[in-house]
Structures are given as structure tokens and as C-alpha cells.
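Residue numbers (the numbering used here): 255 to 635.
Ideal Cβ positions, reconstructed from N, Cα and C, are used throughout, including at glycine.
What follows is a set of notes on a single structure, which appears directly below.
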């Protein structure tokens, strides 16, 4: 059961099946009010399916998805939540959705698109005009409001899409790959825009493969693999759990690295997990970087080494993501091997049992024949 306190979305053991394949399998988590929540995964992991399920575009086979009623944001009991399948009208007022493919009309201007989307929510004309002015300023499209959407650059089109999803002032904004096919500079502007939107009180849910951006932006991240949750938590927690050590990169002259390592290992045998010498640089993998660095400086001074470079490289979410994927694959291989072993053992036991039964049958038959022979001899006597 997801934690009710401060939650705006509750996802309760949902499963979604396409054909004979589970695209989502017993997915269970919650999303907090006001957080930026990231959904990570490789292609086909279930990211888009999860987003489409959250907004009710897809109905799950098992489990339930509940959202907090906008009128009871301060209430933390079960009564504050509504199932998305029974309260579609209220749900549509709660969220805005910007899918990966543009949802605006290419032959309408920016202003016409925003007015049209506002009318879909039955917003009064005055409210549409008020929201329109605010959003155009927020996404930086005020000067271009009379330009036809198809003539906009990729970045401007993405900003228009976000504005269209915010026209009714939703409490939740969901985005699927918001910076897909955009150059780094334009992507950076989109990420900064999302940060501003969140600071103004909107809960944001993002599915993306831009791990570095999610690491910087998100309060929490969920990692999916083949429809299963393989990691969930703050980026720092996920990194610490999967990559406990950090790297110290050290360069000195003349570079008595073997002597340095020997001195360090005498004091920090457990803390120094591994080391390598690459491109005249000593790289130390350690769980206690401050202590090791302190001792490293002392040893360097004792050996009359001249320090050229000293850098501490912290683990990234990108690396943790790769580690999680690899560990998951290794786990699958291990399970497959165990299953194969069990199957082989079962087959061997079955064969042994069959052979034992056959042997018993033969022995029984021999005993019967022998008994008959003995009786025949007895009768003849």
C-alpha cells in the first residue's frame, strides 16, 4: 500500500497486458504533492504505458489508480482519493498531459490553439484570456502568439504543447519525453521551464531517457525494466545503493603510485575497494573518500611527490542505471540457470524413479517365476 501522507497519486499493484505479455507487472508506488517525479527505463520498459494508464487512456487489467480530489488537498485519509476509472470528469480537471508527439493543431496559431484547448475544458472566456496571458509569458511565446504552429521551431512547438496542457491550471503535469529530438540548448530551456512550473505549485511527472537531467531535476525517480519496478527513490539513494564507492583521480610527479597505494592500503584495507593506473593517473575506488584523501596528501608529502591533479568523481544516476540493468540481467540469468538445474534434477529423479519401478517389476517377476519353479519341484517330489 502506497503512503497516503502527502500523496497526490496512488498506484496500487497495477498490471497491464498486451497480448500475452505483461507490459506493467504489479507496479506499486505513490507520487507526492509538489514533487517532480521521474520515470526511467529502456525502450519497451513500460514508461509510456504507465503514463497513459495514469491519465486513464489505458485501462489496467489488475490493480487501481487513485488521484487526490483537488478540493481536499489538505486531507490525508482514504476519502480524499478517487479511482480514475469512476471519476474521469474530475481527473481531467486535475491533470495536464503533454505526449511525445505534438497534440496541438499545426494550422492554428499559438493563441488559437490555447483558446481551443481552454474551450475543451469549458473554461469561461475571461478565464481563458487570463490563463492565456500568463502562459504565453511563462513559456516565452508572447511575441509569437499569432504565428501558425507548424512554422515554429521544435523547441517552440514543445513549449506550446506544454502551455496547451496547462491552460486549465491543473495540479499535475505529465510529460512523455519532453525534450525528444531537441538540441542540447533547447532541451536546457525546456528543463528550466519545467523547474519554474514546479516552483509555482504544479506536481510534475516526467518519462524520459535523459538521465542526467532527471538526476538534477527530480525529487524521486522510478526505474522500470520489462514492466517491473527495479528501483525507486531519491537519485542520491539510488546511486548510494547501487554504487557505494566514489573515485579519487590523482596525478603527481614523479608518480610513485605503487608506493602510495601500499601506504594507503596499510591504513585503509577495507575502504579501498580497488585501484587502477591509467594515463599516468592513479584512480582509487573507495567508500571513504574524505579519509583516504586526507591520508593521500600525507603520504604524497612523505614521498616528496608533486601534486598535479586531485579530483573526486561522484557516481552518477546514469552509471547507477546501467548497474541496475546489468544486475537485473545477471539475476535473470541466475534464475534461468537455477530453473534449468531444477528441471534437470526433476528429470533425473523421474528417470531414476522410473528405472527403480522397472527394476522392482523385473525382480518381482523373477521372484514369482522362482516361486512357481519351487512349487513345481515340490509337487514332483
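Kindly indicate which residue of the options has the alpha-carbon position closest to the one of residue i.
{"i": "residue 527", "options": "533, 542, 535", "result": "542"}
{"i": "residue 509", "options": "558, 479, 468", "result": "558"}
{"i": "residue 496", "options": "408, 576, 362, 456", "result": "576"}
{"i": "residue 403", "options": "367, 524, 301, 316", "result": "367"}
{"i": "residue 651", "options": "319, 359, 351, 332", "result": "Residue 651 falls outside the range modelled here, since the chain spans only 255 to 635, and no answer is possible."}
{"i": "residue 488", "options": "371, 472, 370, 480", "result": "472"}
{"i": "residue 361", "options": "297, 271, 539, 411", "result": "411"}
{"i": "residue 561", "options": "571, 544, 545, 534", "result": "534"}
{"i": "residue 323", "options": "332, 336, 547", "result": "336"}
{"i": "residue 439", "options": "452, 467, 422", "result": "467"}
{"i": "residue 316", "options": "422, 281, 303", "result": "281"}
{"i": "residue 511", "options": "278, 550, 407", "result": "550"}
{"i": "residue 314", "options": "546, 268, 285", "result": "268"}
{"i": "residue 279", "options": "378, 384, 622, 480", "result": "480"}
Given that a residue counts as buried once 16 or more other Cβ atoms are within 10 Å of its Cβ, and exposed if not, what is residue i?
{"i": "residue 531", "result": "exposed"}
{"i": "residue 574", "result": "buried"}
{"i": "residue 450", "result": "exposed"}
{"i": "residue 355", "result": "exposed"}
{"i": "residue 413", "result": "buried"}
{"i": "residue 464", "result": "buried"}
{"i": "residue 459", "result": "buried"}
{"i": "residue 567", "result": "exposed"}
{"i": "residue 580", "result": "exposed"}
{"i": "residue 501", "result": "buried"}
{"i": "residue 301", "result": "buried"}
{"i": "residue 520", "result": "exposed"}
{"i": "residue 374", "result": "exposed"}
{"i": "residue 552", "result": "exposed"}
{"i": "residue 299", "result": "buried"}
{"i": "residue 407", "result": "exposed"}
Looking at the strands, I want to know which residues DSSP matches up with residue i.
{"i": "residue 322", "result": "335"}
{"i": "residue 363", "result": "402"}
{"i": "residue 485", "result": "477"}
{"i": "residue 281", "result": "268"}
{"i": "residue 261", "result": "286"}
{"i": "residue 316", "result": "269"}
{"i": "residue 437", "result": "Paired residue(s): none; residue 437 is not in a bridge."}
Return helix, strand or coil for residue i, following the three-state DSSP convention.
{"i": "residue 572", "result": "helix"}
{"i": "residue 548", "result": "helix"}
{"i": "residue 299", "result": "coil"}
{"i": "residue 405", "result": "helix"}
{"i": "residue 415", "result": "helix"}
{"i": "residue 566", "result": "strand"}
{"i": "residue 203", "result": "Nothing can be reported for residue 203: it is not among the residues displayed for the chain, which extend from 255 to 635."}
{"i": "residue 269", "result": "strand"}
{"i": "residue 559", "result": "coil"}
{"i": "residue 509", "result": "coil"}
{"i": "residue 383", "result": "helix"}
{"i": "residue 253", "result": "Lying outside 255 to 635, the shown extent of the chain, residue 253 is not represented and no answer is given."}
{"i": "residue 390", "result": "helix"}
{"i": "residue 421", "result": "coil"}
{"i": "residue 465", "result": "helix"}
Is any heavy atom of the ligand GTP found at a distance shorter than 8 Å from the C-beta of residue i?
{"i": "residue 359", "result": "With respect to the ligand GTP, the structure shown offers nothing to examine, as it has no ligands at all."}
- Query: Touching or not, the stretch 337-355 and the stretch 382-398, by the rule of three or more beta carbon pairs under 8 Å?
  - Reply: no
- Message: Using 8 Å as the cut-off, can you tell me whether the stretch 434-453 makes contact with the stretch 260-269, which would need three or more C-beta pairs spanning the two stretches below that distance?
- Response: no
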